[in-house]
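In our numbering, the protein residues as written are 280 to 368. A short worksheet on the structure shown next.
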């Protein structure tokens, strides 16, 4: 019996590609303090994250609250176009 992978990463240049996920991974590691970057490198990484985060989140079902739980600031989420959903009663 042959078992293949459950999911495949497309070969696009977008956030579904392995390269597209790298800015998200690196940014989250930097936010956690797992990698050290100078201010210029961190700002560049933050811009790269902002460019892919909305689509990355949509494809993977990641909510605003989940991003906030892992330490992504409101300002960065706003720049990425990820907005808090406010439920009115």
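Here a beta-carbon is modelled for each residue, glycine too, at the ideal position from N, C-alpha and C.
Secondary structure note for residue 318: its alpha helix (DSSP H) is the uninterrupted segment 318-339. Following the DSSP letters along the chain, one finds residue 356 inside the alpha helix (DSSP H) bounded by residues 353-359. Around residue 327, the same chain offers 302 as residues with beta carbons nearer than 7 Å, after the five sequence neighbours per side are excluded. With a 10 Å radius around the Cβ and a threshold of 16 neighbouring Cβ atoms, residue 363 comes out exposed. With fewer than 16 other Cβ atoms inside 10 Å of its own Cβ, residue 319 counts as exposed. Within a 10 Å sphere around the beta-carbon of residue 366 sit fewer than 16 other beta-carbons, which makes this residue exposed. In summary, residue 329 is buried, with 16 or more beta-carbon neighbours lying within 10 Å of its beta-carbon over all protein chains present.
By the Cβ-count criterion, residue 354 is exposed, with fewer than 16 other Cβ atoms from all chains shown falling within 10 Å of its own Cβ.
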